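Structure first, commentary second.
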Amino acid sequence: RRRGRIKPLLLNQRFLAGLGNIYTDEALWRAGVHPLRRADTLTPTEVRRLHRAIRSVLRAAVANGGTTLPDAAYQQPDGRSGEFASRLAVYGRTEQPCPRCGTIIERIKVSQRGTHLCPHCQSLPEGKL
9 RRRGRIKPLL LNQRFLAGLG NIYTDEALWR AGVHPLRRAD TLTPTEVRRL
59 HRAIRSVLRA AVANGGTTLP DAAYQQPDGR SGEFASRLAV YGRTEQPCPR
109 CGTIIERIKV SQRGTHLCPH CQSLPEGKL
């Protein structure tokens, strides 16, 4: 079992290649896992839920041509913008309501990275930091 916080672990390319900041925030939200949660405190059920969420986010992003944000230059090879940005639940939605529960989305820093989360859907259990 890995120690340390779950978000930096998921961003570690030696641990899991290809999962960037946007998709990490989205997967953690879908799985209901707080980004500051210690990885070694996740239950087997939570690990399975997170695994499914990562796969689901990546599949949806690919199916929608990737994620082009307003301030980014990403385009598909044919010049079209990726459409997944319009389907983001938490990333870039600071101070907007969570699509699941209506609680206001927060932005915090985790390992110098902007991190978006719903404090209700992704509550941090006591002793799991």
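Residue numbers (the working numbering): 9 to 137.
For glycine and all other residues, C-beta sits at the position ideal for the given N, C-alpha and C.
None of the values given here were measured: they were computed from a predicted structure.
So, at 6 Å on beta carbons, what are the nonlocal neighbours of residue i in its own chain, with the 5 sequence-adjacent residues on each side left out?
{"i": "Ile30", "result": "Thr75 and Tyr99"}
{"i": "Thr102", "result": "Ile113 and Arg115"}
Buried or exposed: where does residue i fall if 16 or more other Cβ atoms within 10 Å of its Cβ makes it buried?
{"i": "Thr51", "result": "exposed"}
{"i": "Lys15", "result": "buried"}
{"i": "Ala93", "result": "buried"}
{"i": "Gln120", "result": "exposed"}
{"i": "Gln104", "result": "exposed"}
In whole angstroms, what is the alpha-carbon distance linking residue i and residue j?
{"i": "Lys136", "j": "Arg63", "result": "24 Å"}
{"i": "Leu58", "j": "Asp86", "result": "32 Å"}
{"i": "Ala35", "j": "Thr111", "result": "18 Å"}
{"i": "Lys117", "j": "Asp33", "result": "12 Å"}
{"i": "Leu66", "j": "Ala97", "result": "14 Å"}
{"i": "His128", "j": "Arg22", "result": "31 Å"}
From this set, the options, which residue's C-alpha is nearest residue i's C-alpha?
{"i": "Pro43", "options": "Leu17, Val70 and Ala97", "result": "Leu17"}
{"i": "Cys109", "options": "Arg95, Thr53, Val118 and Leu125", "result": "Leu125"}
{"i": "Arg95", "options": "Pro105, Gly28, Thr111 and Ala68", "result": "Ala68"}
The beta strand (DSSP E) that contains residue i, what's its start and end?
{"i": "Ile14", "result": "No beta strand (DSSP E) holds Ile14; the alpha helix (DSSP H) holding it covers Ile14 to Leu19."}
{"i": "Glu114", "result": "Glu114 to Val118"}
Suppose the cutoff is 8 Å on Cβ atoms and the five residues either side in sequence are ignored; what does the same chain contact list for residue i look like?
{"i": "Arg11", "result": "Arg46, Ala47 and Asp48"}
{"i": "Gly28", "result": "Leu19"}
For the alpha helix (DSSP H) holding residue i, just list the boundary residues, first then last.
{"i": "Leu137", "result": "That residue, Leu137, is in no alpha helix (DSSP H); it is neither H nor E in DSSP."}
{"i": "Leu125", "result": "It is not in any alpha helix (DSSP H) - Leu125 instead sits in the beta strand (DSSP E) that spans Arg121 to Leu125."}
{"i": "Leu66", "result": "Pro52 to Ala71"}
Any heavy atom of the ligand NAP within a distance shorter than 7 Å of the CB on residue i?
{"i": "Val70", "result": "The ligand NAP is not part of the structure shown, which contains no ligands of any sort."}
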